[in-house]
Amino acid sequence: MYHTIMDSFATDGLQNERRDENSRAIFHFTSNTELYTMRRNVENRFPNAFMDQPSLQTLTPNPSLYPIGTAWILANVTKRKSDFGEDDKFFHSN
224 MYHTIMDSFA TDGLQNERRD ENSRAIFHFT SNTELYTMRR NVENRFPNAF
274 MDQPSLQTLT PNPSLYPIGT AWILANVTKR KSDFGEDDKF FHSN
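Structure follows, in structure tokens:
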């Protein structure tokens, strides 16, 4: 299931290409709009992929209460400088 979800990050909205250069870890986006559109699409297809939803956590013996990873957003602003920031809610929404 993990690879299916990571592949959906890599291919959402694309035909016959990937935005991760086959790494399943680093994704390239043309804009922030593309990034957040892809995130919404993946969340809609796999709503509980990265953590157990809160209503089910008490029913699960060992629930996954935290996201499986952290996303970093890097924005190339010039040839020699990049702007970056951590998106700490990338895999979790209430």
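This note's numbering puts the first residue of the sequence shown at 224, with every later residue one more than the last.
Even glycine gets a Cβ: it sits at the ideal position worked out from N, Cα and C.
1) Check whether the region 249-268 touches the region 276-287, taking contact to mean three or more Cβ pairs, one atom from each stretch, closer than 8 Å.
2) I'd like to know whether the C-beta of L237 is nearer than 7 Å to at least one C-beta of chain B.
3) Let's test the definition: count the other Cβ atoms within 10 Å of the Cβ of M224 and tell me whether it reaches 16, buried, or not, exposed.
4) Measuring CA to CA, which of M261, S246, N245 is closest to F252?
5) How big is the Cα-Cα spacing for T234 and A294?
Considering the structure as presented:
1) no
2) Among the chains of the structure shown, chain B does not appear; only one protein chain is present.
3) Position 1 of the sequence shown, counting from 1, holds the residue named residue 224. Exposed, by the Cβ-count rule.
4) Position 29 of the sequence shown, counted from the first residue, corresponds to residue 252. It is M261 whose Cα lies nearest to the Cα of F252.
5) Walking along the sequence shown from the start, residue 234 turns up at place 11. Walking along the sequence shown from the start, residue 294 turns up at place 71. Cα-Cα distance, rounded: 17 Å.
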